[in-house]
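S.K.:
Residue numbers (the working numbering), protein chains in the order written: chain A, 5 to 113; chain B, 5 to 119.
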């Protein structure tokens, strides 16, 4: 968790609100992946990023390699968005992912 | 959509026993990985492979062996299981770049309890 730091560690949102999750890297990340671990424990791929921004429905993610961070924005949060969000960085040498400790999100009705 | 399967999904083993966790991928990916997930540590890499016949040590390889007999299959072997190896284990596959991304896809996980 030291090389990839996620914040906040936990978050509670009202349905319909917006939020942003952040990852800071102390390694030279070349690509970033964001995952959602659902209550059943499955890891769902959300984004794979080279430096830049991607958007998918209510989710938007940015990876800034020069400033060593990535963000995941959730718009209009829904109950099914609840779970733990992980970011993971790849330094480009061996294709190994280094994971953060996750942000646990609970969306309340 | 990438397809990675793991077996068994749940396993209870005794201390000192041998445990084999299996992973199969139908994506024709060259790279495969074994991670374990523990509270407070996130996911950590145990072993990985660049292709059939290859295995490499990850960040926490002690107490584990790996085997990659084919493109599709990657096994994690605990020769002498210990209670500290109680965890959830995830297998993943990924491609090697070129026209493909390096994106990794994960299996559903295996919950291992060592008594």
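Using N, Cα and C, we set each Cβ at its ideal position, and we do this for glycine too.
Note that the structure is a prediction, hence the values are computed from the model and not measured.
#1: When you check each C-beta in the segment 10–40 of chain B against every C-beta of chain A, which residues fall closer than 9 angstroms?
#2: Candidates A:54, A:66 and A:18: which alpha carbon is nearest residue 94 (chain A)'s?
#3: Below 8 angstroms, how does it come out for the segment 70–89 of chain B and the segment 18–25 of chain B: are there three or more Cβ pairs, yes or no?
#4: Going by Cα to Cα distance, which pick from A:19, A:103 and A:86 is closest to residue 9 (chain A)?
#5: If distances are taken between C-alpha atoms only, which option among B:8, B:56, B:13 and B:9 comes closest to residue 117 (chain B)?
#6: Going along chain B, which residues have a C-beta under 8 angstroms from residue 94 (chain A)?
#7: Can you find the residues in the same chain that come closer than 6 angstroms, C-beta to C-beta, to residue 72 (chain A), ignoring five residues on each side of it along the sequence?
#8: Using C-beta distances below 7 angstroms, list every residue in its chain close to residue 42 (chain B), excluding the 5 sequence neighbours before and after it, in chain order.
#9: With a cut-off of 8 angstroms, does the C-beta of residue 99 (chain A) fall near any C-beta of chain B?
#10: By Cβ distance below 6 angstroms, which residues in the same chain neighbour residue 75 (chain A) in space, the five residues on each side in sequence not counted?
#11: Would residue 112 (chain A) be called buried (16 or more neighbouring beta carbons within 10 Å of its own) or exposed?
#12: Let me confirm a value: residue 44 (chain A) is counted as buried when at least 16 other C-beta atoms fall within 10 Å, else exposed. Which label applies?
#13: For residue 65 (chain A), name the three-state secondary structure that DSSP assigns.
#14: Beta-carbon of residue 110 (chain B) versus every beta-carbon of chain A: anything under 8 angstroms?
#15: What does residue 8 (chain B) reach in chain A if we use C-beta pairs closer than 9 angstroms?
#16: Check each candidate in A:17, A:61, A:108 and A:80 and name the one with the smallest Cα separation from residue 91 (chain A).
#17: Assuming residue 80 (chain A) and residue 22 (chain A) are in contact, meaning their beta carbons sit under 8 angstroms apart, how far apart are those beta carbons, in whole angstroms?
M.R.: According to the structure shown:
#1: Identification of residues in the segment 10–40 of chain B having a C-beta nearer than 9 angstroms to some C-beta of chain A yields 35, 37 and 39, given in sequence order.
#2: Here residue 94 (chain A) refers to the residue found at position 90 when the first chain is read from its first residue. Answer by Cα proximity: A:54.
#3: Contact annotation: the segment 70–89 of chain B touches the segment 18–25 of chain B, with at least three C-beta pairs closer than 8 angstroms.
#4: In the first chain, the residue the question calls residue 9 (chain A) occupies position 5. Nearest of A:19, A:103 and A:86 to residue 9 (chain A), Cα basis: A:103.
#5: Position 113 of the second chain, counted from the start, is the residue given in the question as residue 117 (chain B). The shortest Cα separation from residue 117 (chain B) among B:8, B:56, B:13 and B:9 belongs to B:13.
#6: Along the first chain, read from residue 1 onward, the residue named residue 94 (chain A) stands at position 90. Under the 8 angstroms cutoff, chain B gives 106.
#7: In the first chain, the residue the question calls residue 72 (chain A) occupies position 68. The residues are 29.
#8: Looking up residue 42 (chain B) in the second chain gives position 38. Exclusion of the five residues before and after residue 42 (chain B) leaves 91 as the residues of its chain whose Cβ lies within less than 7 angstroms of its Cβ.
#9: Counted from its first residue, the first chain places residue 99 (chain A) at position 95. Closer than 8 angstroms: yes.
#10: Indexing the first chain from 1 puts residue 75 (chain A) at position 71. Cβ neighbours of residue 75 (chain A) beyond the five flanking positions: 24, 26 and 66.
#11: Looking up residue 112 (chain A) in the first chain gives position 108. Sixteen is the threshold: since fewer than 16 other Cβ atoms of the shown chains lie within 10 Å of the Cβ of residue 112 (chain A), the residue is exposed.
#12: The residue labelled residue 44 (chain A) in the question sits at position 40 within the first chain. Classified as exposed, residue 44 (chain A) has fewer than 16 neighbouring CB atoms from the shown chains inside 10 Å of its CB.
#13: Working through the first chain from its first residue, we reach residue 65 (chain A) at position 61. Assignment of residue 65 (chain A) by DSSP, reduced to helix, strand and coil, places it in the strand class.
#14: Position 106 of the second chain holds residue 110 (chain B). At least one chain A Cβ lies under 8 angstroms of residue 110 (chain B).
#15: Numbered from its first residue, the second chain carries residue 8 (chain B) at position 4. Chain-order list of chain A residues neighbouring residue 8 (chain B): empty, with the shortest C-beta distance near 10 angstroms, by a criterion of under 9 angstroms.
#16: Counted from its first residue, the first chain places residue 91 (chain A) at position 87. Per the Cα distances, A:108.
#17: Working through the first chain from its first residue, we reach residue 80 (chain A) at position 76. Working through the first chain from its first residue, we reach residue 22 (chain A) at position 18. Indeed they touch by this definition, with Cβ atoms about 7 angstroms apart.
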